[in-house]
Amino acid sequence: MKHLFYINLFVLLLVITSCSESEKTEIASKPNVILIVTDDQGFGDLGYYGNPHIKTPVLDSLARKSVRFDDFSVNPVCAPTRSAIMTGKYSMSTGVHDTYRGGAMMASSEITIAEILKDAGYNTGMIGKWHLGDNYPMRPQDQGFDYVLNHLSGGIGQYGDWPNTLKRDSSYFNPILWKNGKQVQTQGYCTDVLTEAAMDYVEDNKENPFFLYLSYNAPHGPLQLPQKYYDMYKDVDIDAGLINQGKPYPNVTEHSRENSKKVYGMVTNIDDNLRLLFKKLEDLDIDENTLVIFMTDNGPQHPRYVAGMRGRKGSVFQGGVRVPSFWYYPKAFKEPRDIKTPAAHYDILPTLVEFTGVEMPENLIIEGESLLPLLTKEKKTLPQRIINRYWARTAPVRYRNVSTRKGNMKLVGVGKDENNADTFELFNLTEDPYEQNDISDNNQALVDELKTEMASWLDIMEKSKHILDSPKPIIGTVFENPVMLNQNDALFLKKENIKEEFIYWDVIVDKTKTYDIIVHFDNEIETTGELKLVLGEITETLLIDANGKRSFRFNNIELNKGALTIMPKTYLKRKDELKYIYPFYIEIRG
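Whatever position you read off the sequence shown (first residue = 1), add 181 for my numbering.
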């Protein structure tokens, strides 16, 4: 009998070992990865999280069968979230601190997840919104992606996306995109176009391990959508009571309700497109060897249902930074479940490195930690860590819109300006997930501790090399010619006693030689004026006559190798005075 017990025990151990080794083999066999990120889709813009109005059957199904990180956070706005996803680092350490005015350019020296996987034999594809620099060496094709189909700037039709800007209220239809650096005219609604490209990409790479970063620009504004999707919601009575759960908004306007209807239609369109993509994976028989990750980049951009949380896009409160995070790979992750351990965008890189079995680059220092032990149930939780969030559109105020979280305790800097910057609220997210009850008065020691952590982190971020010396486009290379400098990556200079705010670009000139520089405007010039092109210490001048032109060319301008500031100053005669106007974009050929 004892002998039989040992035989059974031996067999049981063999089975357990076999299962364990099988699971490891499945994970280590270079599975495909599709990372889907939507733009400005908040936590509540899904049926799965209790929104009674929105129709998202595909995403709801994905949620139900996935491992879900229930406490997954990102930055309050787009570009910083995307740099953290790509690098595994806090965004400010990569040079990204905002969404425009030069704050959305990621240093080309940063190592991305695409570069890591590409070096390990993966084909890498990026489709949709990049928003980390539109010029060499910061474009997705410069940062590790083999195949790229993207739009410029922070969104289709924004001023930085100059090929589509002038289409105004139809920019999301038939958009001009960039395929591996070349302009292409597409046909159809933007989300449909991007999904079709994604399906072509996975079919082209069905025999190879691939990493696809599918980054939809919807439902970011402008809120343009096919009529049939708007019609789904046009008669829906958006419940203001749902919007006002938790910290209420002062009022829910009819404009906000109308925006909600359009956003919901855009999300339903995404849902329908994901049905097509997932069906393509099944038809190609690669669905079981493809990890699908779905997440969003920040909270909703206007007041609407956000599952009762406080804040929205731009805010470090939970409504601005907590997003869905679904991971579907049943071969290794087993049964669907919620993981309560706090996780974040910068954890994606180390998780994918471990999941795919590739080597982490030597000496690469990142902020994130691998979530794979949680996904595979090897561990139930991870060691407690500090999670910081920050965003300011203008010059930073030290403790404005910044948070530091340790476990379930979260300190939020709520000062509005320099006069009350040193103002904080403290929340216990376990007991108060909606951040309604400030407990700072009764926990001064903890406030002081978290404030010290916050100050230390801000010191590091503010002194990081890519903040002190921001990333710059390089002109004069074979990799991009002509170079189009757009407004999204421009900087702005405001001088005392001067009412104008001058626009300029800091660049690196790769070679000393002559260049042609064309200054483009968004409207025809119908009056006289003067265009001064300031190039470092040199100023070139053109007189403008009222000839209806939109573009003005400076030929054979010699530029020396090295750093250069390009500042066009255009003054047009309006009534009895000269008025400064911004250029649309700058084109440099050479």
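Every residue gets a Cβ at the ideal spot worked out from N, C-alpha and C, and that includes glycine.
*What are the start and end residues of the beta strand (DSSP E) that includes residue 748?*
743–755
_Let's test the definition: count the other Cβ atoms within 10 Å of the Cβ of residue 189 and tell me whether it reaches 16, buried, or not, exposed._
Residue confidence for residue 189 is low, a pLDDT of 46 falling below 50, so the modelled location carries little weight; the figure read from the coordinates is stated next. Sixteen is the threshold: since fewer than 16 other Cβ atoms of the shown chains lie within 10 Å of the Cβ of residue 189, the residue is exposed.
*Which residue's Cα is closest to the Cα of residue 446: 460, 412, 464 and 458?*
412
*Could you name the residues that DSSP lists as bridge partners for residue 332?*
Answer is 310, bridged to residue 332.
*asked:* Please return the same chain residues whose Cβ sits closer than 6 Å to the Cβ of residue 196, not counting the five positions on each side in sequence.
replied: Legend: pLDDT at residue 196 = 44, less than 50; position of this residue unreliable, no value from coordinates given.
*Please classify residue 755: is it buried, with 16 or more other beta-carbons within 10 angstroms of its beta-carbon, or exposed?*
exposed
*If you compare alpha carbons, which of 451, 612 and 371 is closest to residue 477?*
451
*Out of 342, 247, 453 and 769, state which residue places its alpha-carbon closest to the alpha-carbon of residue 661.*
769
*Under 8 Å, do residue 216 and residue 474 count as touching if we go by C-beta distance?*
yes
_Inside the segment 501–536 only - beta strand (DSSP E) runs reaching at least 3 residues_ = 506–509 and 518–520
*asked:* How far does the beta strand (DSSP E) with residue 586 in it extend, from its first residue to its last?
replied: 581–587
*Where DSSP assigns a beta bridge to residue 263, which residues make up the other side?*
According to DSSP, residue 263 bridges with nothing at all.
*Using only the heavy atoms of the ligand FAD, determine whether one of them is closer than 7 Å to the beta carbon of residue 649.*
Absent from the structure shown: the ligand FAD. Ligands present: none.
*Beta-ladder partner(s) of residue 164, from DSSP*: Not covered by the structure: residue 164. The range shown for the chain is 182 to 771.
*Please report how far the alpha carbon of residue 731 lies from the alpha carbon of residue 390, in whole angstroms.*
Each residue's CA atom was taken as its position, placing residue 731 and residue 390 some 47 Å apart.
*In whole angstroms, what is the alpha-carbon distance linking residue 297 and residue 335?*
25 Å
_Residue closest to residue 545, alpha-carbon to alpha-carbon, out of 223, 293 and 237_ = 293
*With burial defined as no fewer than 16 other Cβ atoms inside 10 Å of the residue's Cβ, what is the status of residue 315: buried or exposed?*
Classification for residue 315: buried.
*asked:* Would you call the segment 737–753 in contact with the segment 693–709, where contact means no fewer than 3 C-beta pairs closer than 8 Å?
replied: Three or more beta-carbon pairs drawn from the segment 737–753 and the segment 693–709 are found closer than 8 Å, and the two stretches are therefore classed as touching.
*Taking the C-alpha atoms as reference points, what is the distance between residue 250 and residue 224?*
12 Å
*Spell out a yes or no on whether the segment 226–238 and the segment 299–312 are touching, meaning 3 or more CB-CB pairs, one atom from each, closer than 8 Å.*
no
*asked:* Quick check on this structure: which residue in 683, 489 and 402 has the alpha carbon closest to the alpha carbon of residue 220?
replied: 402
*Give the DSSP bridge partners of residue 710, in chain order.*
725 and 753
*DSSP on residue 768, reduced to helix/strand/coil?*
Strand at residue 768.
*residue 271, DSSP secondary structure in three states*: coil
_Which residues DSSP lists as bridging residue 213, in chain order_ = 471
*Please list, in chain order, all residues of the same chain as residue 360 whose beta carbon is under 6 Å from its beta carbon, the five residues on each side excluded.*
330
*Beta-carbon proximity of residue 528 to residue 552, cut-off 8 Å*: The answer is yes: Cβ separation under 8 Å.
*With a threshold of 16 other CB atoms inside 10 Å of the CB of residue 202, please say whether the residue is buried or exposed.*
Residue placement at residue 202 cannot be trusted, given a pLDDT of 43 that sits under 50; what the coordinates show is reported in the next sentence. It is exposed - the Cβ of residue 202 has fewer than 16 other Cβ atoms within 10 Å.
_DSSP state of residue 419 mapped onto helix, strand, coil_ = DSSP places residue 419 in the coil class of the three-state scheme, outside both helix and strand.
*Buried or exposed: residue 466, going by 16 or more other Cβ atoms within 10 Å of its Cβ?*
exposed
*Residue range of the alpha helix (DSSP H) that residue 553 falls in?*
553–556
_Bounding residues of the alpha helix (DSSP H) (the contiguous stretch that carries residue 363)_ = It is not in any alpha helix (DSSP H) - residue 363 instead sits in the beta strand (DSSP E) that spans 363–366.
*Rounded to a whole number of angstroms, what is the C-alpha to C-alpha distance between residue 328 and residue 625?*
52 Å
*Spell out the partners DSSP gives residue 359 in its beta bridges.*
Secondary-structure assignment with DSSP links residue 359 through a beta bridge to 331 and 364.
*Would you call residue 469 buried or exposed, if buried means 16 or more other Cβ atoms sit within 10 Å of its Cβ?*
Around the beta carbon of residue 469, fewer than 16 other beta carbons lie within 10 angstroms, which makes this residue exposed.
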